[in-house]
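Novice:
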Amino acid sequence: MLLLERRPQPSRFWIYSTPLLAIAITMISGGALFALLGENPVEAVLAIFWEPVFGEFSFYHRPQILIKSGPLVLIAIGLSLGFRAGIWNIGAEGQYIIGALTGAAVGLAFYPMSGWFIFPLMVVSGAMGGILWASIPAFLRTRFGANEILVSLMLVYVAEQILAKMALGPLRNPDGHGFPGSRNFQNYPSAHNAELIAGTGIHLGIAAALVSVMFAHVLFSKHILGYRIRLSGEAPRAARFAGVGTSRIVFFCLCTSGALAGLAGLFEVSGPSGQVNIDFNTGYGFTAIIVAFLGRLHPVGILFAGLLMGLTYIGGETAETRLGLPSASIQIFQGMLLFYLLAVDVLSNYRIRVKPPKTRSSA
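Below, the structure written as structure tokens:
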């Protein structure tokens, strides 16, 4: 019989080893899934993890990995602040959408004017849009005790409806012959988030993600606020006795998370995506939850986890194209990462013991 015995303190070895173990189990399970679909499992896994970095067309895929990873890291850093404090923001996708809409609306309001101030205004508006959307669950939790998980998640569906309305209405391109979607920011230099170095995929969103990693690292390792955030999550009662303002922590974590998600949306809509359309949101807000936990809620870990998840995005597209795998199988493969990470994470706090079966005594 197998028993779980609680450790006196969490194992540092397993804290850092469980992500690697989860990745290994995911690759094995994913290979089995691809085999059931009639594909060579080794070839499918190599198409996801090897081809984008070392394959024939890696010169094209590598910049795309950075483009996919940027918003994931930016959003996941914001989510990690709340998760460490025991504040569960599951609605980053909605904040991502609203940030993109508010930032895009400011840029389109100045069309066709040119000026250096337009894009900075879009950045500020994108951040404020995310903050506004995140402040709703923050206010409802601190004022009425509402569950921020449900509130933030439900607001995602509201944001999606607003996105559809804006793409079909106020932000629709007047020269687009009635098709949904805004003007293309790639044709509007003053509002376009162009590559900083041509051909690398590095734009301001990537730079912002790196800055957020450094900010979070300094916050948690050097600043008293980072200590209060950790204390609120690990020992809420002790935090209250220490005079830590719970409401202020809730607002700070949720609003910072919303600001970073809003910025991710703004950088995406003005750069790689290029326009507001009905299908603008691609699930970055939900995938960032996997990135945050895969990175152990540590800023540097989140950076590498974001790159890994960006690799699975591009590798998944490669596998779909080359091997004809359905997109749903790639999504299942990505979901396995979080499932196995949560499953093996139990080893950080518990050790497995084998209890010998009881033997019946003879009469």
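Using the numbering used here, you'd call the opening residue of the sequence shown number 1023 and step up by one each time. Each residue gets a CB set at the ideal place from its N, CA and C atoms; glycine is no exception.
To the nearest angstrom, report how far apart G1287 and A1181 are at their CA atoms.
Specialist: 12 Å
Novice: Mapping DSSP to helix, strand and coil, what is L1218?
Specialist: coil
Novice: If you check the beta carbons only, do L1094 and A1229 fall under 7 Å apart?
Specialist: no
Novice: Using the DSSP secondary-structure output, state which residues sit across from L1024 in a beta bridge.
Specialist: V1376
Novice: Rounded to whole angstroms, what's the CA-CA distance from L1253 to A1107? Just pull it up for me.
Specialist: 7 Å
Novice: In three-state DSSP terms, what is E1073?
Specialist: helix
Novice: For V1095, report the span of its alpha helix (DSSP H) as first-last.
Specialist: Looking at the DSSP string, the run of the alpha helix (DSSP H) that includes V1095 is S1080 to R1106.
Novice: Under three-state DSSP, which class holds P1348?
Specialist: coil
Novice: S1204: buried (16+ other C-beta within 10 angstroms of its C-beta) or exposed?
Specialist: buried
Novice: Note down the Cα distance separating I1312 from L1360, rounded to an integer number of angstroms.
Specialist: 5 Å
Novice: Is it true that the segment 1101 to 1117 meets the segment 1277 to 1292, where meeting means three or more beta-carbon pairs spaced less than 8 Å apart?
Specialist: yes
Novice: Leaving aside the five residues before and after V1298 along the sequence, list all residues of the same chain whose C-beta is less than 8 Å from its C-beta, in chain order.
Specialist: A distance below 8 Å between beta-carbons, with the five flanking residues on each side excluded, links V1298 to the following residues of its chain, in chain order: A1122, L1123, A1126, L1185, M1188, A1189, L1193, G1203, S1204 and V1291.
Novice: Who are the near neighbours of V1146 in its chain, counting only those whose CB is closer than 7 Å to its CB and skipping five residues on each side?
Specialist: none
Novice: Helix, strand or coil for H1059, going by three-state DSSP, please let me know.
Specialist: Strictly speaking, residue 1059 in this sequence is Leu, with His absent from that position. Reduced to three states, the DSSP call for L1059 is coil.
Novice: What separation, rounded to the nearest whole angstrom, lies between the Cα atoms of E1170 and P1379?
Specialist: Separation of E1170 and P1379 (C-alpha to C-alpha, rounded to the nearest whole angstrom) is 45 Å.
Novice: Just verifying my parser: in three-state terms, what is the DSSP assignment at G1148?
Specialist: For G1148, the three-state secondary structure derived from DSSP is helix.
Novice: Is the Cβ of H1245 closer than 7 Å to any Cβ of chain D?
Specialist: Among the protein chains of the structure shown there is no chain D, as only one such chain exists.
Novice: Nearest to S1269 by alpha carbon, out of A1213, A1231, I1251 and L1154?
Specialist: Closest by alpha carbon: I1251.
Novice: Are there three or more Cβ pairs, one per stretch, closer than 8 Å when the segment 1078 to 1089 is compared with the segment 1205 to 1224?
Specialist: yes
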